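Asker: Here our numbering is used: the first residue of the sequence shown is -9, the next is one more, and so on. Please find one structure pasted underneath; my questions will follow.
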Amino acid sequence: MSGNGGKYMKKSSEVSTSKREKYLGWMTKSRQAAMHNCLIIGIDFGTTFSGVSWVTVARFNKNDINVITEWPGTSNNEAKVPTRLSYENGTKEPLWGFQVENTEQALQWFKLLLLKEEDMWKDLRESDQLVKARRLLRDLGKTPEDCIADYLRALWKHTLKMIRKGHADYLIESLQFHVVLTVPAIWKDYARTAMQDAAKRAGILEHRSAGETTLILVPEPEAAGLTALLEYGTAIKPGEVYVICDAGGGTVDVITYKVGNTQPLELGEAVEGDGALCGGMFIDEDFITKCSKRIGRNWSHFSQAHQNAILEDEWEVDIKSRFCLKDPSAKWLLSIENGPLSGEDLEDTSRMPHIKRGIIHFSRKVYFNQPTTYPLLTSDSALTLGRSLTPELLLGFLN
């Protein structure tokens, strides 16, 4: 786990105040003008998962925002789709999202490779995920921008398909598109430029008869903060300070806002944002490490498919989603009885966590005491503001 004080890095989004104000001002003017011929499409292009939502400006104030929950490769309704590619199918277009199984040949984490290695902190640069992604890109003869363009192209085509579902084509074609695309806060100007180029290659900015499509890049923690604070509505008061934690799959970012006005909403960054490489992916990785250490040498008998099943079915759906700090005596049970083990390996109470009848009994004491976001939330920058923080702490989710 990468969650100790020595591995945190102070950073700024490098997006000027004027650019942030321009974005907020654009949103305000758009709503006030009630431009019925405008469609806003938000793309949350994440390290591990991505999502898309859309709304017409005319419906924005009514909170009539549509979130895409249908994806190729799954029959479940999911708000997010894996940021994952596979070029193994032998066709021109790669498989993407839920179509790709989580195997050794699945290309993931490629978004972060837009950063030069010298601009990454050591933990990120040497992480297993990025080492694997670099190797796969090298074998495929592709660049990070190639893969981002391929993924965004597939995501964009599916987005247009979903928008047209239930709406006449002529209505959609009459709307001008405004696309908002999230990017990591740590990105330099060259990475944002590469992202814009990839979006153009993906067809997002193709000419349309309704008018020019505009593209705005927004740092991820700022997008999360704006969304969270807008949801608070009239509960927000001028002068209040909010700490917003955007906990993603790769990084966890904390940003602190002071509210200027509420009608329209005006925000100012009270202090520089903090971030750390301690997102959901590393919690997942640490869980697998704990399983490996507990089972010991027999862990090598578990196939990659079986490990993925443990991670995705037992851990992701059950244990992680039910985790709660309020009960320190809580147990989380992991079944391994359908795996390659048998006999005495399924019954071992000689050390913690106990294995009973093919079930590992994890507890908070032996597993869930990993420091992660706490040093960020209690950092000097947040505690030396010289003003009181509001009681609410707005949190994202570990994807």
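In this text, a Cβ means the ideal position worked out from N, Cα and C, and glycines have one as well. For clarity, every value in this text was computed on a predicted model and none was experimentally measured.
CA-CA distance, Gly263 and Thr217?
Answerer: 17 angstroms
Asker: So if DSSP puts Tyr160 in a beta bridge, which residue, or which two residues, is it bridged to?
Answerer: Tyr160 is not bridged to any residue.
Asker: Assign His101 to one of two classes, buried (16 or more other C-beta atoms within 10 Å of its C-beta) or exposed (fewer than that).
Answerer: The sequence shown places Lys at residue 101, rather than the His named in the question. It counts as buried.
Asker: Taking the alpha-carbon positions, what's the Ile326 to Leu336 distance?
Answerer: So the two alpha carbons sit approximately 8 angstroms from each other.
Asker: Helix or strand or just coil, what does DSSP make of Gln89?
Answerer: helix
Asker: With DSSP run on the structure shown, which of helix, strand or coil describes Gln95?
Answerer: coil
Asker: In chain order, what are the residue ranges of uninterrupted alpha helix (DSSP H) at least 4 long that sit wholly in the segment 245 to 320?
Answerer: If only uninterrupted alpha helix (DSSP H) runs of at least 4 residues are considered, those enclosed by the segment 245 to 320 are 270 to 285, 294 to 299.
Asker: What's the C-alpha gap between Arg143 and Trp86?
Answerer: Looking at the two C-alpha atoms, the distance is approximately 10 angstroms.
Asker: Could you give the first and the last residue of the continuous alpha helix (DSSP H) run that contains Leu150?
Answerer: 134 to 154
Asker: Near Thr374, which residues of its chain fall below 6 angstroms by C-beta distance, leaving aside the five closest residues on each side in sequence?
Answerer: Annotation note: pLDDT 45 at Thr374 (below 50); position unreliable, coordinate value reported separately. Answer for Thr374: no residue qualifies.
Asker: Alpha carbon to alpha carbon, how far is Tyr305 from Asn92?
Answerer: Note that residue 305 is Trp in the sequence shown here, rather than Tyr. Rounded to whole angstroms, the separation of the alpha carbons of Asn92 and Trp305 is 15 angstroms.
Asker: Between the alpha carbons of Asp450 and Val45, how many angstroms are there, rounded?
Answerer: What is shown of the chain runs -9 to 389, which leaves residue 450 out entirely.
Asker: Below 8 angstroms CB to CB, which residues in the same chain sit around Thr252 once its five sequence neighbours on both sides are set aside?
Answerer: Non-local C-beta neighbours of Thr252 in its own chain, meaning closer than 8 angstroms and more than five positions away in sequence, comprise Thr224, Ile226, Lys227, Pro228, ordered along the chain.
Asker: Does DSSP classify Thr64 as helix, strand or coil?
Answerer: In this structure, Thr64 counts as coil in the three-state DSSP scheme.
Asker: Using 8 angstroms for Cβ pairs, my map puts Phe39 next to Pro62. What's the rounded Cβ distance?
Answerer: Actually they are not in contact, since the Cβ atoms of Phe39 and Pro62 sit about 15 angstroms apart, beyond 8 angstroms.
Asker: Going by the beta-carbon positions, is the gap between Thr203 and Val169 smaller than 8 angstroms?
Answerer: yes
Asker: Would Gly270 be called buried (16 or more neighbouring beta carbons within 10 Å of its own) or exposed?
Answerer: Under this definition Gly270 is a buried residue.
Asker: Quick check: what's the CA-CA separation for Lys321 versus Leu130?
Answerer: Lys321 and Leu130 have their C-alpha atoms roughly 44 angstroms apart.
Asker: Whose CA, out of Ile30, Gly193, Thr172, lies closest to the CA of Gly238?
Answerer: Thr172
Asker: For Asn298 versus Leu331, is the C-beta spacing smaller than 8 angstroms?
Answerer: no
Asker: Would Gly250 pass as a contact of Glu259 if the rule is Cβ separation under 8 angstroms?
Answerer: no
Asker: Based on the DSSP output, what are the partners of Ile350 in its beta bridges?
Answerer: Under DSSP, Ile350 shares a beta bridge with Leu324, Ile345.
Asker: In three-state terms, what does DSSP make of Thr183?
Answerer: In this structure, DSSP gives Thr183 a helical state, which the three-state scheme calls helix.
Asker: Could you check if Gln98 is buried or exposed, using at least 16 other CB atoms within 10 Å of its CB as the buried criterion?
Answerer: Burial state of Gln98 is buried, judged by a 10 Å Cβ sphere holding 16 or more other Cβ atoms.
Asker: Which residue marks the beginning of the beta strand (DSSP E) containing Leu205, and which one marks its end?
Answerer: 204 to 209
Asker: Which residue from Asn328, Ile273, Glu78, Thr241 puts its Cα closest to that of Glu94?
Answerer: Glu78
Asker: Between the beta-carbon of Leu219 and the beta-carbon of Tyr180, is there less than 8 angstroms?
Answerer: Contact: no.
Asker: Provide the residue(s) that pair with His168 in DSSP beta bridges, ordered along the chain.
Answerer: Ile30, Thr204
Asker: What residues match up with Phe39 in a beta bridge as DSSP calls it?
Answerer: Pro72
Asker: For Cys28 versus Val47, is the C-beta spacing smaller than 8 angstroms?
Answerer: yes
Asker: When the distance is taken between beta carbons, is Ala96 closer than 8 angstroms to Ser117?
Answerer: no
Asker: Around the C-beta of Lys147, are 16 or more other C-beta atoms found within 10 angstroms, so that it is buried, or is it exposed?
Answerer: Burial check for Lys147: the Cβ neighbour count within 10 Å stays below 16, so the residue is exposed.
Asker: Classify Leu323 as buried or exposed, calling it buried when 16 or more other Cβ atoms lie within 10 Å of its own Cβ.
Answerer: Looking at its Cβ environment, which holds fewer than 16 other Cβ atoms inside 10 Å, Leu323 is exposed.
Asker: Return the CA-CA distance between His344 and Glu196, expressed in angstroms with no decimal places.
Answerer: In a straight line, the C-alpha of His344 is about 58 angstroms away from that of Glu196.
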